[in-house]
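**Q** Below you'll find the structure I mean.
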Amino acid sequence: MLKQEIIPGILALLAALSAAIGSVVRQRSAHTVTEGEVGHLTLFSMLVRNRRWWMGGLGDVASYIFIAIALDYGSVMLVTCLQVTVLLFAMPIYARVTNHPITRSEWVWAVVLAAALALLIKVGDPTAGEKRGAVGDWLIVAMVMGPALVLCVLGARILKGRPASAVLLGAVSGSSLALFVVLTKGITQVIHHGGHHLLHTWEFPVWILAGVSGMIFQQSAFRAGSLTASLPTITVAKPIVAVILGIAVLKESLQLESGPEWALLLAITVLVIVSTVMLARGEAATIVEDEEHAAPVTDEPDKVPSEPVSD
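In my numbering, the protein residues as written are 4 to 314.
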């Protein structure tokens, strides 16, 4: 890792650690608040009244504070790629809390992921670009990303009850959180010139909307199907979409000069994605197994009507 990447790298890892702690605390909130069918907004309104969800949310708040500071020093590509290490931190924390042993397979994929990330950063050598993207570039993103996310939500409704529904909602959540992270870089730049300027920028309301949407659809994805479908999708979609936005909008770049270097980077990227998916699936399977053997725990107020509720 180059010298200028050390500070944002450390901050990104601290963000991943904070997110891992928060994730372990509130992982089952979406399932414990109610067993009934509820809509996305209804579920979110119930979660904000759940004490466990708020305790876990503190970890997410700390995580995004670290991310904001990291983005002030480094590229979106570097920071978001390191965010997949949340799985590496969550694995031992969850094992400690639940007394559930880490399997040999999980250790192997954890080592593979750590090594692949180190190689990805070393070979790619991501370079930061602009702090804020041009309005024209963001309009193109909106015209492409907006309809795509709407189609994913509609598809999730049509495929309700199937694993594909959780995957589609996970993609919406990961993409929304990626947008939130990329916009965070511009938000920090505005804050440097005075926080009062935020209210006069178009990024601020979109930033808030992206963050809230990411949280809402994350919990909906967790409830839509098995965690083995939703968690890997969210974990992989977030850095992939963020990297694409970083390159397309913020003009970030990779320091690669030859075909073999690009081929090596592609191979490493595939290895990162595969190891992330395998690790996320293993973690999700462990959580589901523990939930099946645990007695239901609820926090008041948690009661909702048993009939379907739509938003």
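Just so it is clear, CB atoms sit at the ideal spot from N, CA and C, and this is done for glycine as well.
Keep in mind that this is a model prediction, so the values were computed, not measured.
Look at the alpha carbon of A18 and the alpha carbon of I72, and state the distance between them as a whole number of angstroms.
**A** 10 Å
**Q** Take the Cβ of V170 as the centre, count every other Cβ of all protein chains shown within 10 Å, and call the residue buried at 16 or more, exposed below.
**A** buried
**Q** Restricting to runs no shorter than 4 residues, where is the alpha helix (DSSP H) found entirely within the region 206-274?
**A** 206-227, 230-251
**Q** Mind pulling the alpha helix (DSSP H) runs of 4 or more residues that sit fully within the region 65-113?
**A** DSSP runs (the alpha helix (DSSP H)) wholly in the region 65-113: 79-85, 89-101.
**Q** Tell whether a beta-carbon distance below 8 Å holds between S1 and P150.
**A** Absent from the structure is residue 1, since the part of the chain shown begins at 4 and ends at 314.
**Q** Mapping the DSSP letters down to three states, classify T191 as helix, strand or coil.
**A** helix
**Q** Smallest Cα separation from L116: which of S278, L142, G139, E206?
**A** S278
**Q** Figure out for me which residue from I70, Y97, E8, K134 has the closest Cα to the Cα of K254.
**A** K134
**Q** Mind listing, in chain order, the continuous alpha helix (DSSP H) runs of no fewer than 4 residues lying wholly within the region 117-189?
**A** Segments of the alpha helix (DSSP H) lying fully in the region 117-189: 138-161.
**Q** Please list, in chain order, all residues of the same chain as E80 whose beta carbon is under 6 Å from its beta carbon, the five residues on each side excluded.
**A** Reading the sequence as shown, one finds Met at residue 80 and not Glu. P129, V246, G249, E255, listed in sequence order.
**Q** Does DSSP put G197 in a helix, in a strand, or in coil?
**A** coil
**Q** Which class does D302 belong to by DSSP, given the choice of helix, strand or coil?
**A** Residue placement at D302 is poorly supported in this model, since its pLDDT is 47, which falls under 50; the coordinates still yield a value, given next. Of the three classes helix, strand and coil, the one that applies to D302 here is coil, per DSSP.
**Q** Express the C-alpha separation of A232 and V153 in angstroms, rounding to a whole number.
**A** 20 Å
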